[in-house]
Amino acid sequence: MRQTTLFTKTQKEAPADEVAKNAQLLIRAGYIYKNMAGAYSFLPLGLRVIENINRIIREEMDAIGGQEVHMPSLQDPELWKKTDRWSDAHVDVWFKSQLQAGGEVGFGWTHEEVVTELMRRFVSSYKDLPLFVYQIQNKFRNEVRAKSGIMRTREFWMKDLYSFCATQEAHDAFHEACADAYMKIFDRLGFGAQTYKTFASGGAFSKVSHEFQTLAEAGEDIVYVSEEKGVAVNEEVLAEADLTELGVTKDELEKRKSIEVGNIFSLGTKFSEALGLHFKDEHGENQPVIMGSYGIGPARAMGTIVDLLSDEKGIVWPASVAPYQVHLVGLNGNDAEIRDYTDGIYSALRKRGVSVLYDDRDARPGEKFADSDLLGMPYRVVVSKRTKEEGMFEVVERSMGETMALTEEALYAKFSNQDT
RNA sequence: CGGGGUGUAGCAUAGUGGUAGUGUACUCGGUUUGGGACCGAGCGGUCCGGGUUCGAUUCCCGGCUCCCCGACCA
């Protein structure tokens, strides 16, 4: 991508109405745009980050047997009345509207009802189970207060997976597999080391659920954590949690702020019974399906990465999610010979399958370096009159700030073999 | 939803009951070219409605907006 054709541009100052670091940096760098409180646009570079995150999530969900679907955002009230989750008295996050043809409609904030009703058409025998379906879709929640940049918005991406099992054993096994998959995802996104599977309150679903909490100063949640033992408990269940079962004492737990980056719930047969999702067991008896739901917010994950990994100069993307692997910064572009030369390097890298953002703008070096730091690609490759004369390329690793000099051959070798 | 704050140009800000200023961004000209250059010339603005007033961006009332604290967060 040539930067001269990219419609977004950076800005020096953060907008006055954003306090959250994630939003300040992402807006300054032109990754996102705030349309209204709790609703952001994802611009070309930002969307590439989201898509990389989604790709990682898909790979890990597919690896544990997930099958991707896409369900509607528009919701039929009748369905939700069956589980008593339509009334504003019971669920206060609904966005609701009127159908012109008459009647009400809601905007989906989760999909247990929808997917359960859908599965009635396809599940009739224990031989059909277990099965796992997921989607990555925009959810709508009428939060009274959107906050913290892209961390808590009224419209947001969500990966929601639903499990359907015949036995509790099968459910437990999948629950465990999904928890492992979540940790793999967070590892690949670059914040696995700070992320804990915690014990949390289960709301209406179950006595105890699990959350994945990433330790971060920008977090809205509080967990009690023993980093040494790798155990964390949410504040709201600390009093009732059985700490001896977890192998820790209260003294070993440290109070920390954290970001909820994922959650998993065991639903039991609450939804299958309410909506009539049954299967025939080996004896021909009707049994309710045992269900679970498992969520991750890709945009929140993106905000978490920015909050945790950025530095005073700007964003630092892990290679796994960076919009481009290489930021090719061309200097001395007013010299036609140098510009042609740099264009050639750009073409050569692309020909080798390297994803490159090419700063081909007619701007001064200082501005280009500052923008490059702000945008945060994993590697910066500087091409200039000087590097051409030396026959070497200046390669800077964004996270470490380390500079190395590579020959053209070494440059291609370094980036051609990368997973992008 | 309770409390507090906020609203001036694309962005960041100053100021005033009487022609609204600065930085940045943008346009044009010139000089520059390895860490957000310099000189000159331009374009561009008071959230909405009502009130007080000869005159309101400023004061008053109402609304909306956005942010923060709390509550909430299946």
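Residue numbers for the first sequence follow the numbering used here, so the first one is 711 and each next one is one higher.
Glycine residues also receive a C-beta, built at the ideal position from the N, C-alpha and C atoms.
Please name the residue in Gln923, Val729, Gly1086, Glu778 whose C-alpha comes closest to that of Thr720. Gly1086
Put Lys722 into one of helix, strand or coil per three-state DSSP. coil
Ala880 beta carbon less than 8 Å from that of Lys907: no
Environment of Phe975 [buried if 16+ CB atoms lie within 10 Å]: buried
Give me the Cβ distance between Glu921 and Glu970, rounded to the nearest whole Å; I'm assuming they're in contact under 8 Å. 5 Å
Do the CB positions of Lys990 and Ser835 come within less than 8 Å of each other? yes
Fully enclosed by the stretch 879-962, which beta strand (DSSP E) runs are 3 residues long or longer? Taken in chain order, the complete beta strand (DSSP E) segments of 3 residues or longer contained in the stretch 879-962 are 905-911, 918-925, 931-936, 941-944.
Arg966 - partner residues in DSSP beta bridges: Val933
Would Gly812 and Asn732 be called neighbours here (beta carbons separated by less than 8 Å)? no
Cβ-based neighbour list, Val1016, same chain, cut-off 8 Å, excluding 5 preceding and 5 following: Lys731, Asn732, Leu735, Leu736, Ile1025
Can you tell me whether Ser1126 is helix, strand or coil according to DSSP? helix
If the criterion is Cβ atoms closer than 8 Å, does the pair Ile1048 and Ser1020 meet it? no
Would you report the Cα separation of Val1066 and Arg712, rounded to the nearest angstrom? 8 Å
Please name the residue in Glu1099, Arg795, Ala856, Leu871 whose C-alpha comes closest to that of Val825. Leu871
Residues bridged to Ile1006 by DSSP? Lys869, Gly972
Going by CA-CA distance only, name the one from Ala726, Ser751, Asp727, Glu728 that's closest to Thr718. Per the Cα distances, Ser751.
Please determine if the stretch 890-906 and the stretch 761-768 are in contact, where contact requires at least 3 C-beta pairs separated by less than 8 Å. yes
How many angstroms separate the CA atom of Asp727 from the CA atom of Leu1084? Take the alpha-carbon of Asp727 and the one of Leu1084: they are about 20 Å apart.
Report the start-end ranges of each alpha helix (DSSP H) in the stretch 765-804 that is 4 residues or longer and not cut off at the edges. 787-791
Exposed or buried, Val854, counting other C-beta atoms within 10 Å across all chains shown (16 or more means buried)? Under this definition Val854 is an exposed residue.
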